[in-house]
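Be aware that the sequence shown starts at 1342, since it is given in the working numbering, and climbs by one per residue.
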Amino acid sequence: MQYGPIIDKKRLRLDELESFMSHPNFFDDAKKAGEFMREHRTLQKLTKDWDTYQKVAKELEENREMAKGNDELAEMAQAEVPALEKQLTELETAVQMSILPPDPLEGRDVIMEIRAGTGGDEAAIFAGDLYRMYCRYADIRGWKVEPLESNASAAGGFKEVVFKVSGEDVFRTLRFESGVHRVQRVPATEAQGRIHTSAATVAALPEAQEVDLELHPNDLRIEVSRSSGAGGQGVNTTDSAVQVMHIPTGTIVRCQDGRSQIKNKEKAITILRSRLLEKKQQEEAEKYSAHRRSLIGSGGREEKIRTYNYPQNRITDHRIDTTLYNLESFVEGKIDDIVDKLVLHDLNERLADAGLS
């Protein structure tokens, strides 16, 4: 497809945004200013990637032409072709992603929630394994992980763990992790060596901001109590646990990990706001066609998305029918092989929907 005419229009929009942003009253409307700034960053990246794309495309064409000869220069030119082809493909994908209508949530940080599902103690241990996997992946990507709330299991792992991941393109990257993750392996407690199947649910929620949802004080019921469970004497002797209920929806969030009642209240409201935004997004998604919702799946917590089979060293993502045999490195946080395929699959479907493929 010829992207030139589209890029030209985007450059005009970039100039328009820069004019808006130079206005002294630009930040009077915080929500609109944020939207403009996100769009500006996207367009800046688009024009930079497009200029680089054209440069690499020209260089690749020249190398292919030089490679037709029989001398040493031709061999050198041919040796550079694969790397240039790879770079060109990556740049084209980046350009395509930037051309699509911007999703205001893509640049958000993520509230990750992992809960043990069927499988008893083994499910809780698996939930802990998933938490560790995402923490390692975040470390590889240079992202920051902030624990928000957890409920540890006596056998190890977590019955529930909630944490925030912040950094560049976090939600764009992790949004397809929502769903049921299934594990097949021999639990440490299994004396006869039988393979068990357990599950944990993951929810990747875009962090909600105050401009997304206004929480009226009259709609919140906030209660404090003594923290329970493990946490040490300092936690258990203070009324630091906070439970926040959103009365209109009945949504309840409880935080007790921290010693500070104020900090626990802030964390609870952060989680609550993100859960309410997720509910709002799901309601809006119902307006889409069944075809659009089925491209990679609805992202619902009840949908089985991936199987981790330890005896076969296998990971299978059921949405894109992809199987890899590198489970050991995958659970150590090297999950890009699957994540990149999910992002690319979604990109291609969105381009087709927009008539840009």
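All residues carry an ideal CB built from backbone N, CA and C; glycine is no exception.
Using a Cβ distance threshold of 9 angstroms, V1506 and M1438 do not count as a contacting pair. According to the DSSP assignment, P1346 belongs to no beta strand (DSSP E) but to the alpha helix (DSSP H) extending over G1345 to M1362. In the DSSP assignment, K1505 is bridged to I1452 and E1487.
Around the Cβ of N1404, a 10 Å sphere holds 16 or more other Cβ atoms; the residue is buried. Close CB contacts of R1595 within its chain, under the 6 angstroms cut and outside five residues either way in sequence, are with Q1584 (chain order). One Cα belongs to A1374, the other to R1482, and the distance between them is close to 28 angstroms. Excluding its 5 nearest sequence neighbours in each direction, A1545 has C-beta neighbours in its own chain below 6 angstroms: V1451, M1453, L1515, R1516, E1518 and S1519, listed in chain order. Between the alpha carbons of P1346 and D1662 lies a distance of about 36 angstroms. Contact between L1618 and A1549 holds, with the beta-carbon distance rounding to 4 angstroms and staying under 8 angstroms. Burial check for T1590: the Cβ neighbour count within 10 Å stays below 16, so the residue is exposed. For the pair A1529 and F1467, the CB atoms are not nearer than the 9 angstroms cut-off. Of all C-beta pairs linking the segment 1423-1440 to the segment 1387-1399, three or more are shorter than 8 angstroms, placing the two stretches in contact.
Classified as exposed, K1372 has fewer than 16 neighbouring CB atoms from the shown chains inside 10 Å of its CB. Selection A1435, D1444, L1401 and N1411 evaluated against P1423 yields L1401 as nearest (Cα-Cα). Here E1644 carries a coil assignment [DSSP, helix/strand/coil]. Look at Y1666 here: in three-state DSSP terms it is coil, with no helix or strand label. When V1521, A1495 and V1486 are compared, the shortest CA-CA separation from F1504 is found for V1486.
Rounded to whole angstroms, L1665 and D1598 show a C-alpha spacing of 37 angstroms. With contacts defined by Cβ atoms closer than 9 angstroms, I1455 and V1502 form a contacting pair.
Annotation for V1543: the continuous beta strand (DSSP E) segment containing it runs H1537 to P1547. Pairing D1462 with T1611, the inter-Cα distance amounts to about 29 angstroms. Sequence-distant Cβ neighbours of Y1344 in its own chain, meaning closer than 8 angstroms and more than five residues away, are W1391, V1436 and I1440. If you draw a straight line from the Cα of T1430 to the Cα of K1399, it is about 14 angstroms long. In the DSSP assignment, I1679 falls outside any beta strand (DSSP E) and within the unbroken alpha helix (DSSP H) covering D1677 to D1694. By the 16-neighbour rule on beta-carbons within 10 angstroms, P1547 is buried. With respect to V1543, V1521 sits close: the two C-beta atoms are nearer than 9 angstroms.
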